[in-house]
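Chemist: Structure below; questions to follow.
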Amino acid sequence: MVLLHPTRRGPKPKISDVDLLAAIRADLEASPFVGEGHRKVGARLRILSGIRVSKDRVCRLMRENALLSPHRVPQGSPSAHDGSIQAEAPNQMWGTDGIRIQTVDACCVSIHRASGRVQHYRRLRRQGAQAAHGSWHAIHRRRLPETDRVLGYRPEPRLCC
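Count along the sequence shown from 1, add 59, and you get the number used in our numbering.
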């Protein structure tokens, strides 16, 4: 006798494919969203239902039963940029770049690369910025006008006064 689907090798799972498929269908029906993927379904089964199952097994069952989302996220197209940049004139700024540094004590410093100066200094309101960074604050507070905006943030007024 030839089996169309060979039996599973290795340890047998605690929950059968039939029972797991019923749990997947129940989870998809209970979800207010449409077209969810195997990762979210598998995570909800593990966390909310207490069913320990791998995402690969959930993906296989959803694929075999046409439960995966038909709306696939399109992959990125190749970049139109060929990698060469030519400035139109010497000593002219043609682009900009910046960096944001998050420190251990929840302080953020953003540095504008083109000008090389600090554009933004921000701390959480519950911490005393002057107490922790008094010397830095004393040196740079006049360089940070309140009207500077970096990435949509405004510096905290008490740091800029």
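For every residue, glycine included, the Cβ atom is placed at its ideal position computed from N, Cα and C.
Could you check whether H130 and V117 sit closer than 8 Å to each other, using their CB atoms as the reference points?
Modeler: Cβ distance not < 8 Å, so V117 and H130 don't count as in contact.
Chemist: Here's a check: name, in chain order, each residue in its chain whose Cβ is nearer than 8 Å to the Cβ of I74, leaving out the five neighbours to either side.
Modeler: Cβ neighbours of I74 beyond the five flanking positions: A82, I110, V112.
Chemist: Thinking L120 and L87 are a contact (beta carbons under 8 Å), I'd like their distance in whole angstroms, please.
Modeler: That belief does not hold up - the Cβ atoms of L120 and L87 are roughly 12 Å apart, past 8 Å.
Chemist: If we ignore side chains and look at the alpha-carbon of each, how far apart do V77 and K114 end up?
Modeler: Those two C-alpha atoms are separated by around 16 Å.
Chemist: Exposed or buried, what is L104 when buried is set at 16 or more other beta-carbons lying within 10 Å of its beta-carbon?
Modeler: By the neighbour-count rule (16 or more Cβ atoms within 10 Å), L104 is buried.
Chemist: Buried or exposed: where does V100 fall if 16 or more other Cβ atoms within 10 Å of its Cβ makes it buried?
Modeler: Buried, by the Cβ-count rule.
Chemist: I believe S136 touches G94 by the beta-carbon criterion, under 8 Å. Please report the beta-carbon distance rounded to the nearest angstrom.
Modeler: At roughly 23 Å, the Cβ-Cβ gap does not stay under 8 Å, so S136 and G94 are not in contact.
Chemist: Tell me where the alpha helix (DSSP H) around V77 begins and ends.
Modeler: First-last of the alpha helix (DSSP H) with V77: 76-89.
Chemist: Within 10 Å of its beta-carbon, does L107 have 16 or more other beta-carbons around it, so buried, or fewer, so exposed?
Modeler: Label assigned to L107: exposed.
Chemist: In three-state DSSP terms, what is I110?
Modeler: Coil at I110, not helix or strand.
Chemist: Relative to the C-alpha of A125, which candidate in R84, R67, P70, P72 has its C-alpha closest?
Modeler: Minimum Cα distance to A125 is reached at R84.
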